[in-house]
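To keep things clear, I will list the structure first and then write my remarks on it.
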Amino acid sequence: MTAARDYEDLRYAVEHLSPRQARRLRLIISQDEEFADVLPPRAEEQTDEVDDDEGALLPASFLALAGSIDAPADYAENHDAYIASRGDRRGNAAE
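If you read the sequence shown in my numbering, its first letter stands for residue 2, the second for the next number, and so on.
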């Protein structure tokens with residue numbers, strides 16, 4: 002197999018990733034010493050000014066992980082109800 006064929010196969014695979022899969026792959030590559038050097042800086046990392054203070058407080062690896070969490074859209078708003086229902090299910094299972 003030639004390198005050109007490898008490049009075509011990889012390009013095809015990357016183009017067909019979901020946004021979530023692409024973020025996860027970028028995180029994996031960024032944590033590998035050999036591959037991290039080939040990644041271009043992200044657009045938000047290229048700016049000199051940080052518009053959002055929270056972005057500076059959290060490491061990039063955490064932000065990538067947070068983007069991969071699969072939860073209902075209203076999870077943050079209704080987290081108390083979700084936790085209570087989970088506790089109820091565990092309580093019923095113990096009986």
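All residues carry an ideal CB built from backbone N, CA and C; glycine is no exception. This structure is a prediction, so every number in the text was calculated from the model and none was measured.
Euclidean distance between Cα positions of residue i and residue j
i   : j   : result
F36 : R87 : 41 Å
S19 : L28 : 14 Å
D75 : R90 : 20 Å
L11 : D81 : 43 Å
D33 : P73 : 32 Å
G92 : A85 : 10 Å
S31 : L40 : 7 Å
R43 : A77 : 27 Å
S62 : D38 : 16 Å
Contact set for residue i: own chain, Cβ-Cβ below 8 Å, skip 5 residues either direction
i   : result
V15 : A23, L26
CB contact check: residue i to chain B, cutoff 9 Å
i  : result
Y8 : Among the chains of the structure shown, chain B does not appear; only one protein chain is present.
Local conformation of residue i per DSSP, three classes
i   : result
A74 : coil
V39 : coil
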